[in-house]
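J.: This structure is in structure tokens; I'll ask about it shortly.
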Amino acid sequence: MNPMTRLKALPKPLKIVLWVLLALFAYALPLLELPFITTDRADFGGVLFVVTMYALVALGLNIVVGYAGLLDLGYVGFYAIGAYTAAILTSFHASWPLLLAIPCAVVATTLAGILLGAPTLRVRGDYLAIVTLGFGEIIRLVAVNLEWLGDRRGISQIARPPSLGGEEGLFEIPHLYWGDGTVLLDTDDTTKFLEFGPVDQIPYYWLGLTVCILVIFADRLIKNSRVGRAWEATREDEDAAELMGVPTFKFKLLAFATGAFIGGLAGSLYASRQNFINPDSFLLLFSIMFLAAVVVGGQGNRWGVVVGAALVAYLPQRFRDFEDFRVLAFGVALVMLANFRPEGLLPPKRTVRAKQLEHELEELEEGTEGEEPARV
Amino acid sequence: MNFDFFFSNLPELTVGGLAFGAIYALIALGYTMVYGVLQLINFAHSEVFMYGTFAMLWTIMALNGAEADGIKLIAILIAALLAAMAMSAVIALVLERVAYRRLIKNNAPRLIALISAIGASFVLAEIMGLRDKIAGWFGLDDNLSEYVGAARINNSMAGVVDAPRWSIGDVSISSIDVLVILSAIGMMVLLDQFVRRSRMGMGIRATAQDPETAALMGVNPTRTVQMTFLIGGLMAGVAAFLYMLKIETTKFDVGFLLGVKAFTAAVLGGIGNLRGALLGGLVLGVAETWGSAIFGTEWRHVVAFVLLVVILLFRPTGLLGESLGKARA
């Protein structure tokens, strides 16, 4: 039995305990200062925050691309709308608190998703890809050109999340220190519990991780519901699904809106942590990186895309020494992956089963052909 | 809004737009051919074009094009055109071999082919952008500094070709623009005839229509795919040559926006349709130039994408529809 199936066979309480332990480990990761994993040249908390943002975006894009099968090359547009709404409401045109601005940002992106989806979802496949790509570019170019959105200079002074216990935080948590063969608590290097300041980025990571976990739960519920099955049916064969009574257009629009919702959420969190955004934060390249995260991990598998996002966001930061060559290496990795592991690193169960069936069928066919020479 | 400027300069704007459109159309051919035969977006085609612009630039530098004039300059330009075509064709063939062949053989999902193409596009652009460092590994950076230095900033060949402007009444038209439009249309007519009349063209159309039946009828699928990439590369080389004549400046990432525009042109005309690519390119070029005259140059690209979205909404398969496979001889 391979380790995956053995893990699946464990009794449910034990599985829950394992998940909780994994989550705790994820929360503690920036405090542990593990050797080798920790990035020396970039703030590790900041890197982990970016990882959670990529994971969030990949989860959202996975709904659109992985579940519903709609190729979206302009996903960064939603991310930008979320970020800009948060920025405008908290700093540029009003000074709302962030907790009020985030829901507005999310509503704005969901509306944008519906507005974009309603007319464009009639076109299929690659046409959809290019229309969404155009949409992403239009959003960015509008931000570049409109004085009202701060044009090229961007928007600064975006509100941070409210700190718990004021400026001082509630209490301080020490980091670990890895000496030569010893592990000590380093009381000089501490993180104030939930103080969202400009320096320590670990609280942002905790926030991002919490949002990710909530989204994963929601994703699980929606994937296993009627809606999730309707998405998969639409992805596999749109016409057949329509004939069987699935209102495909409605569900495609829903997928678009849900994806946009998560993208906007990620965008507003990102803006709040950056404190500053400008149009260059939303280049088309990011759409492609997000898509790469989804495909690298295995589209349609929620853990797969989280792993893909972690790799796409983390590896360039870890290997900063090869900074000049990292895009080159990333490109080579994409080509290799596409050629040698086309289902992604963690393909969804469905794909694995389909592949197995195909293989068995092929063997059967070849077997009957091979019989005749054997008789002679 | 600046309608006065627009109306007073309408002829110049139109010719300039058509010239841009002609370049888009030539690049769009590469997208449309590959799409017609393989049903996938060759995302790295913009890099094929970019290598062509550098081949042109380097040939001019190597042959001292800046000092030549008259017949000698024309000879150098022809050499540069051939170099650009050869370079683009080679890159396109390498691309097919490395990024696509295995995927096509395994019948991989199209999204995977897209990812492979995106990866290949990154690799090709970065190799050009890091050519100073890569040459440094082999100790060539001193010998070749003229060619590999300043890898990540604009590389210019301004002033090599000093083309006259023609005046007809109040209208002044650049002769380069006219050359670009005429040669692009000429290439398109040639290609159209090739695809319609030659045996190879027939094979390409047959594969676009029904790859399995075409293979049963004796069309070699691998060779057909190679041929489409080769033709796309050659056309991108011509486009690169014309682009350098008109714009005179290139950069390792110049392909990206141009590629997106060219793909937009291909979709606009109906992807998989050769005549559609020409029409889409010209429409896009003119609309962009007119739009930038009316709304200001900063809205140029917005006009292009809004046009794309609007046209797809009303004609979801582009202006002329998909038809590489359906073109009758």
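From first to last, the protein sequence lines stand for chains U and W.
So for the first sequence, our numbering puts the first residue at 687; every next one is plus one.
So for the second sequence, our numbering puts the first residue at 3; every next one is plus one.
Virtual Cβ for every residue (Gly too), placed ideally from N, Cα, C.
(1) Does any residue of chain U bring its CB to less than 7 Å from the CB of Arg330/W?
(2) Can a CB atom of chain W be found closer than 7 Å to the CB of Ile974/U?
(3) Decide if His47/W is buried, meaning its Cβ has at least 16 other Cβ atoms within 10 Å, or exposed.
(4) Please go through the region 841-902 of chain U and give each complete beta strand (DSSP E) segment of 3 or more residues, from N-terminal end onward.
(5) Thinking C-alpha only, which one of Leu784/U, Ile825/U, Trp782/U and Ala780/U is nearest Leu802/U?
(6) What did DSSP end up calling Asn1025/U once you bin it into helix, strand or coil?
(7) Would you check if the region 85-94 of chain W and the region 196-206 of chain W touch, i.e. whether three or more CB-CB distances between them fall below 8 Å?
(8) For Arg912/U, name the three-state secondary structure that DSSP assigns.
(9) Is Phe964/U close to chain W? Criterion is C-beta to C-beta, closer than 7 Å.
(10) Answer with buried or exposed for Ala926/U, where buried requires no fewer than 16 other C-beta atoms within 10 angstroms of its C-beta.
(11) Rounding to the nearest angstrom, what Cα-Cα distance links Tyr863/U and Gly731/U in this structure?
(12) When Cβ atoms are compared, which residues of the region 115-148 of chain W fall closer than 9 Å to chain U?
(13) Between the C-alpha atoms of Arg198/W and Glu214/W, what's the straight-line distance to the nearest angstrom?
(14) Mapping the DSSP letters down to three states, classify Ser147/W as helix, strand or coil.
(15) From the beta carbon of Phe307/W, is the nearest beta carbon of chain U less than 7 Å away?
(16) To the nearest angstrom, report how far apart Val182/W and Gly131/W are at their CA atoms.
(17) Does DSSP put Arg104/W in a helix, in a strand, or in coil?
(18) Can you find a C-beta in chain U that's less than 7 Å from the C-beta of Leu315/W?
(19) Counting only beta-carbon separations shorter than 7 Å, does Glu823/U have a partner in chain W?
(20) Ala957/U touches chain W at which residues, Cβ-Cβ below 8 Å?
(21) I'd like to know whether the C-beta of Leu1020/U is nearer than 7 Å to at least one C-beta of chain W.
(22) Quick one: what's Arg167/W bridged to in DSSP?
(23) Would you call the CB atoms of Thr251/W and Ser158/W closer than 7 Å?
(24) Measuring only the C-alpha atoms, how far is Val162/W from Gly151/W?
(25) Does DSSP classify Ile963/U as helix, strand or coil?
(26) Quick one: what's got a C-beta closer than 7 Å to Asn227/W's C-beta in the same chain, skipping five residues either side?
(27) Starting from Arg692/U, find everything on chain W with Cβ-Cβ shorter than 9 Å and list it in chain order.
(28) From the beta carbon of Ile767/U, is the nearest beta carbon of chain W less than 7 Å away?
(29) If you count every other CB in all the chains shown that lies within 10 Å of the CB of Gln887/U, and 16 or more means buried, which is it?
(30) Is the shortest distance between the beta-carbon of Val817/U and the beta-carbons of chain W less than 7 Å?
(31) Just verifying my parser: in three-state terms, what is the DSSP assignment at Ser158/W?
(32) Residues of chain U with CB closer than 7 Å to the CB of Phe265/W, please, in chain order.
(33) Using a C-beta to C-beta distance shorter than 7 Å, which residues of chain U count as neighbours of Pro213/W?
(34) Assign Ala791/U to one of two classes, buried (16 or more other C-beta atoms within 10 Å of its C-beta) or exposed (fewer than that).
(35) Between the Cα of Ile774/U and the Cα atoms of Val981/U, Leu710/U, Ser842/U and Leu720/U, which residue gives the shortest distance?
(36) Under the rule that 16 or more other beta-carbon atoms within 10 Å means buried, what is Phe857/U, buried or exposed?
T.: Put simply:
(1) Here residue 330/W refers to the residue found at position 328 when the second sequence is read from its first residue. In this prediction, Arg330/W scores a pLDDT of 40, lower than 50, which makes its location untrustworthy; the coordinate-derived value is nonetheless stated afterwards. With 7 Å as the cut-off, Arg330/W does not count as an interface residue toward chain U.
(2) As a position in the first sequence, residue 974/U is number 288, starting the count at 1. Output row for Ile974/U: interface = yes.
(3) For the purposes of this step, residue 47/W is taken as the residue at position 45 of the second sequence. It is buried - the Cβ of His47/W has at least 16 other Cβ atoms within 10 Å.
(4) 858-864 and 869-878
(5) Position 116 of the first sequence, counting from 1, holds the residue named residue 802/U. Per the Cα distances, Ile825/U.
(6) As a first step, residue 1025/U must be located in the first sequence, where it is residue number 339. Note: Asn1025/U maps to helix in three-state DSSP.
(7) no
(8) Indexing the first sequence from 1 puts residue 912/U at position 226. Reduced to three states, the DSSP call for Arg912/U is helix.
(9) The residue labelled residue 964/U in the question sits at position 278 within the first sequence. The sequence shown places Asn at residue 964/U, not Phe. Taking Cβ atoms only, chain W never reaches closer than 7 Å to Asn964/U, which makes this a no.
(10) Here residue 926/U is taken as the residue at index 240 of the first sequence, counted from 1. Exposed, because fewer than 16 other Cβ atoms sit within 10 Å of the Cβ of Ala926/U.
(11) In the first sequence, residue 863/U corresponds to position 177, counting from 1. In the first sequence, residue 731/U corresponds to position 45, counting from 1. About 16 Å.
(12) Ala115, Leu116, Ile117, Ser118, Ala119, Ile120, Gly121, Ala122, Ser123, Phe124, Val125, Leu126, Ala127, Glu128, Ile129, Gly131, Leu132 and Lys135
(13) Along the second sequence, read from residue 1 onward, the residue named residue 198/W stands at position 196. Along the second sequence, read from residue 1 onward, the residue named residue 214/W stands at position 212. Whole-angstrom Cα-Cα distance: 20 Å.
(14) Indexing the second sequence from 1 puts residue 147/W at position 145. Here Ser147/W sits in helix by DSSP.
(15) Against the second sequence, residue 307/W aligns to sequence position 305. Yes, its Cβ sits closer than 7 Å to a Cβ of chain U.
(16) Sequence index remark: in the second sequence, residue 182/W carries index 180 (1-based). Sequence index remark: in the second sequence, residue 131/W carries index 129 (1-based). Val182/W and Gly131/W: Cα-Cα distance of roughly 28 Å.
(17) Translated into the one-based positions of the second sequence, residue 104/W becomes position 102. The answer is helix: DSSP assigns Arg104/W an H, G or I state.
(18) One-based indexing of the second sequence puts residue 315/W at position 313. Cβ-Cβ to chain U under 7 Å: yes for Leu315/W.
(19) In the first sequence, counting from the first residue as 1, residue 823/U sits at position 137. For Glu823/U, the answer is yes, since a Cβ of chain W falls inside 7 Å of its Cβ.
(20) To locate residue 957/U, count along the first sequence from 1; it is residue 271. Here the premise fails: no neighbours, minimum Cβ distance about 23 Å.
(21) Counting from one through the first sequence, the residue named residue 1020/U turns up at place 334. Chain W, which has a Cβ nearer than 7 Å to the Cβ of Leu1020/U, makes this yes.
(22) Locating residue 167/W in the second sequence gives position 165, counting from the first residue. DSSP, once it has assigned bridges, lists Ser176/W as partnering Arg167/W.
(23) The residue you call residue 251/W lines up with position 249 of the second sequence. The residue you call residue 158/W lines up with position 156 of the second sequence. Yes, they are a contact pair.
(24) The residue given as residue 162/W occupies position 160 in the second sequence. The residue given as residue 151/W occupies position 149 in the second sequence. Answer to the nearest angstrom: the Cα atoms are 20 Å apart.
(25) Taking the first sequence and counting its residues from 1, one reaches residue 963/U at position 277. Three-state DSSP puts Ile963/U in a strand.
(26) Counting from one through the second sequence, the residue named residue 227/W turns up at place 225. The amino acid occupying residue 227/W in the given sequence is Val; Asn does not appear at that position. Excluding sequence neighbours, Val227/W sits near Val39, Leu40, Glu98 and Ile106.
(27) Your numbering for residue 692/U matches position 6 in the first sequence. What Arg692/U touches in chain W: nothing, since even the nearest Cβ is about 30 Å away.
(28) Counted from its first residue, the first sequence places residue 767/U at position 81. Closer than 7 Å: no.
(29) In the first sequence, the residue the question calls residue 887/U occupies position 201. With 16 or more other Cβ atoms within 10 Å, it is buried.
(30) As a first step, residue 817/U is located in the first sequence; it is residue number 131 there, counting from the start. Yes - at least one Cβ of chain W is within 7 Å of the one on Val817/U.
(31) Taking the second sequence and counting its residues from 1, one reaches residue 158/W at position 156. Three-state result, Ser158/W: strand.
(32) Working through the second sequence from its first residue, we reach residue 265/W at position 263. Near Phe265/W (Cβ distances below 7 Å), the residues of chain U are Ile816.
(33) Along the second sequence, read from residue 1 onward, the residue named residue 213/W stands at position 211. Result: empty, since nearest Cβ-Cβ is about 17 Å, beyond 7 Å.
(34) Working through the first sequence from its first residue, we reach residue 791/U at position 105. With 16 or more other Cβ atoms within 10 Å, it is buried.
(35) The residue labelled residue 774/U in the question sits at position 88 within the first sequence. Of the listed residues, the one whose Cα sits closest to Ile774/U is Ser842/U.
(36) Mapped onto the first sequence, residue 857/U falls at position 171. Label assigned to Phe857/U: exposed.
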